[in-house]
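Novice: Which chain is which? The protein sequence lines are A and B, in order.
For the working numbering, count along the first sequence from 1 and bump the result up by 209.
For the working numbering, count along the second sequence from 1 and bump the result up by 209.
So that we are looking at the same thing, I have put the structure below in structure tokens.
Number of protein chains: 2
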Amino acid sequence: MFELDPAFLATSEALPGLALCEARLQLDARFPWIVLIPRIGRAFELEDLSVEERAMLIAEIVVAGEAVRAVGAALGRPVEKLNVGQLGNVTRQLHVHVVGRRQDDPCWPGPVWGQGAAEAYAADALEMALAAAAEVLES
Amino acid sequence: MFELDPAFLATSEALPGLALCEARLQLDARFPWIVLIPRIGRAFELEDLSVEERAMLIAEIVVAGEAVRAVGAALGRPVEKLNVGQLGNVTRQLHVHVVGRRQDDPCWPGPVWGQGAAEAYAADALEMALAAAAEVLES
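Right, here's the structure in full:
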């Protein structure tokens with residue numbers, strides 16, 4: 210039985226879900242960033258998914274990448290590289306980060322995880338980001 | 210036409226390949242760590258793979274995770290968590306890191322990429338690591 214870890218609620222905002230995963234916009238204006246959480250109870254590693262769920266997950270990672278690119282474009286900062294990470298060292302529930310990177314972002318070329326503090330979105334930018342992501346995720 | 214980026218040669222050692230990917234042991238004794246490189250020319254993002262190749266890749270990521278666990282066990286440091294990352298900010302050729310983590314490793318709970326300097330394997334530990342990984346990858 211799937212229940213979203215409350216840790217995600219504080220750091221991200223809900224987007225339209227996909228067939229397998231919940232999708233959430235990370236509330237960090239430094240990077241266009243979507244977190245995917247498969248709606249599977251007690252999954253911590255990719256090996257905890259079935260073969261079919263694994264294929265669905267990587268398909269949804271690609272869709273999330275398109276949505277991240279759309280967020281970057283909507284905010285006038287086109288994505289130059291996608292970074293995908295499945296760590297779970299802190300929040301154990303299986304989740305995948307899909308992050309849009311640019312050479313002028315504050316962590317380039319290092320990873321974003323655990324680096325510096327999240328920056329809040331301005332209200333209008335957040336609305337634009339959510340709308341741009343939703344348009345891709347719902348298509 | 211696929212040609213392995215020479216950047217991988219300096220930092221990793223060849224393991225038995227999988228159906229889609231070259232597999233290489235990262236030469237960093239701090240973590241059991243395998244790098245997968247799909248044998249696809251001019252692929253930089255997951256979206257550059259076909260749907261079938263994406264499904265193969267995630268299946269091979271799970272196999273690499275088993276191999277990473279086998280390396281950790283062989284070296285007396287069982288893996289507690291797998292971390293998977295597809296970044297490519299420095300080396301652009303599409304590749305996926307599969308890293309075995311422990312709470313007592315030098316980067317826990319942060320990511321390993323770009324953190325500190327790689328530590329060389331002792332010759333006997335490297336041999337054991339390569340053998341343990343190969344046994345899983347060839348099975």
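For glycine and all other residues, C-beta sits at the position ideal for the given N, C-alpha and C.
Quick one: which chain B residues come within Cβ less than 7 Å of A:Gly319?
Specialist: Simply Trp322, Gly323.
Novice: B:Leu236 to A:Val280, Cα distance in whole Å?
Specialist: Computed Cα separation, rounded: 37 Å.
Novice: Taking Cβ-Cβ distances shorter than 9 Å, what residues in chain B pair up with A:Val268?
Specialist: Just to set this straight, residue 268 of chain A is Ala in the shown sequence, not Val. Ordered by position in chain B, the residues that pass the 9 Å Cβ test against A:Ala268 are Val260, Arg263, Ala264.
Novice: Looking only at its chain, what residues have a beta carbon closer than 6 Å to the beta carbon of B:Asn292, apart from the 5 residues adjacent to it on each side?
Specialist: These residues qualify, in order along the chain: Val308, Arg310.
Novice: My assumption, with CB atoms under 8 Å, is that A:Leu339 sits in contact with A:Glu212. Please give the rounded CB distance.
Specialist: Actually they are not in contact, since the Cβ atoms of A:Leu339 and A:Glu212 sit about 23 Å apart, beyond 8 Å.
Novice: Should A:Leu255 be flagged as near chain B, meaning a C-beta pair shorter than 9 Å?
Specialist: Taking Cβ atoms only, chain B reaches closer than 9 Å to A:Leu255, which makes this a yes.
Novice: With a 10 Å radius around its C-beta and 16 neighbouring C-beta atoms as the bar for buried, classify A:Pro247 as buried or exposed.
Specialist: A:Pro247 is buried by the Cβ-count criterion.
Novice: Beta carbons nearer than 9 Å to chain A: which residues of the stretch 226-252 of chain B have them?
Specialist: For the stretch 226-252 of chain B, which is checked against every Cβ of chain A, not one residue is closer than 9 Å.
Novice: Closer than 7 Å, Cβ to any Cβ of chain B: which residues of the stretch 287-300 of chain A, in chain order?
Specialist: Listed in sequence order: Lys290, Leu291, Asn292, Val293, Gly294, Gln295, Leu296, Gly297, Asn298, Val299.
Novice: Start and end of the alpha helix (DSSP H) containing A:Pro215?
Specialist: Looking at the DSSP string, the run of the alpha helix (DSSP H) that includes A:Pro215 is 215-220.
Novice: Rank B:Gln312, B:Gln295, B:Cys316, B:Val299 by C-alpha distance to the C-alpha of A:Gln312 and give the top, closest one.
Specialist: When only C-alpha atoms are compared, the closest one is B:Val299.
Novice: With H, G and I counted as helix, E and B as strand and the rest as coil, what does DSSP make of A:Ile270?
Specialist: Note: A:Ile270 maps to helix in three-state DSSP.
Novice: Going by DSSP, name the residue or residues bridged to A:Gln235.
Specialist: BP columns for A:Gln235 point to A:Ser221.
Novice: With a CB to CB cut of under 7 Å and the five nearest residues on each side skipped, what residues in its chain are close to A:Pro287?
Specialist: For A:Pro287, where only same-chain residues beyond five positions count, the Cβ hits under 7 Å are Gly281.
Novice: Reducing DSSP to helix, strand and coil, say where B:Arg263 ends up.
Specialist: Of the three classes helix, strand and coil, the one that applies to B:Arg263 here is helix, per DSSP.
Novice: Give me the residue from B:Ala219, B:Leu224, B:Pro215 with the minimum Cα distance to B:Glu347.
Specialist: Closest option to B:Glu347, Cα to Cα, is B:Leu224.
Novice: Since I believe B:Ile270 is in contact with A:Leu255 (beta carbons under 8 Å), could you give me their beta-carbon distance rounded to a whole number of angstroms?
Specialist: About 6 Å separates the two Cβ atoms, so the contact holds.
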